[in-house]
Every structure is written in C-alpha cells, then in structure tokens.
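Comments concern the structure below.
In the working numbering, the protein residues as written are 10 to 178.
Below is the structure:
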C-alpha cells in the first residue's frame with residue numbers, strides 16, 4: 010500500500026492541523042489519567058510561532074508498559090505547519106530520556122507505517138533497530154486497509170551508547 014493513498018484525508022492538509030486534531034489529542038491526555046499512558050504536549054515558544062504567541066504544535070506519547078520494563082507504541086504528531094524542523098525528533102528524544110531515566114524502563118518496541126518515512130527516520134535517528142516488516146490491518150482510524158509496518162526496538166543500553174544521546178545522560 011502506498012501511504013498517501015491509504016491515509017484518509019490525505020489530500021486535505023487542513024484536516025491535519027492542530028486546530029482540527031486537538032480534540033483527538035486531548036482525549037489521549039484524558040486516557041493518560043486512567044491508564045498506563047504517558048502524554049506530553051509540544052509547545053513552541055512565541056518567538057518561533059506564526060501567531061507570536063506560545064502554541065501547542067503537537068504531542069508525543071507512549072503507552073502499555075509490559076512486564077514493568079518495556080513500553081510499546083511510542084508516537085508523535087506535529088502540526089503540518091511546523092513539520093520538517095526537527096521538533097518531533099527533539100520531543101521524542103526528551104520523552105525517551107525521561108522514560109529511561111525517571112520511569113526506569115529497559116526498552117521500547119514500537120513501529121510505524123513503512124511509507125511514513127518521516128516517522129521511520131525519527132526511529133532511526135534515535136537509535137532504534139528495525140526488527141521486522143509486517144503486513145497488518147490498520148489499527149488506526151485515519152488509515153484504511155492492509156498496511157506494511159516497520160517494527161523497531163530500542164534498549165536503554167543501546168540508546169545511551171548512541172553518541173548523539175550520550176551527552177544527555
């Protein structure tokens with residue numbers, strides 16, 4: 010499957026703005042209060058926004074701690090107006106640091122739709138190891154049909170052995 014053809018509203022860039030997506034992402038924060046879910050909003054300082062005011066431009070999250078040491082399903086969302094500037098990578102790195110240092114998890118396993126090249130690049134930048142590609146029915150409401158997923162893993166040791174992450178320790 011080609012990512013752009015299976016993504017609902019793929020041609021409607023306004024559908025993916027924070028203003029439209031905010032309700033969905035706020036519901037994830039509500040879920041975090043009731044489940045083993047960690048969610049952070051990404052705020053952009055006023056000097057970098059189009060409005061001149063501090064704005065929420067996205068969110069990072071992870072969930073479902075398994076056996077007390079591993080989490081799965083890390084994710085990120087950035088308003089399209091702010092994509093391609095490194096904000097998702099920076100926020101994901103901060104989230105992973107927190108989970109390894111403060112929550113004391115030992116590993117993360119997650120994945121992305123293979124054709125979601127930007128998310129796959131973030132996994133790779135952060136030192137995740139690609140372990141498989143699988144074809145599955147979409148678990149998301151914004152995708153249709155069978156999709157190829159790239160599955161990734163990252164251990165705490167590998168994360169901090171990555172030179173880019175070592176200085177943050």
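We put the CB at the ideal spot given by N, CA and C, even for glycine.
- Excluding the 5 residues flanking it on each side, residue 128 has same chain C-beta neighbours closer than 6 angstroms at 121, in chain order.
- Around the C-beta of residue 67, 16 or more other C-beta atoms lie within 10 Å, and the residue is accordingly described as buried.
- Per DSSP, reduced to three states, the secondary structure at residue 55 is helical.
- The stretch 94 to 102 and the stretch 154 to 163 do not touch, with fewer than 3 CB-CB distances between them shorter than 8 angstroms.
- For residue 96 and residue 110, the gap between their C-alpha atoms comes out near 21 angstroms.
- Residue 51 counts as buried, since at least 16 other C-beta atoms from the protein chains shown sit within 10 angstroms of its C-beta.
- When DSSP states are grouped into helix, strand and coil, residue 115 belongs to the coil group.
- Spatial neighbours of residue 82 in its own chain (CB-CB distance under 7 angstroms, excluding positions within 5 residues in sequence) are listed in chain order as 71, 72, 73, 119.
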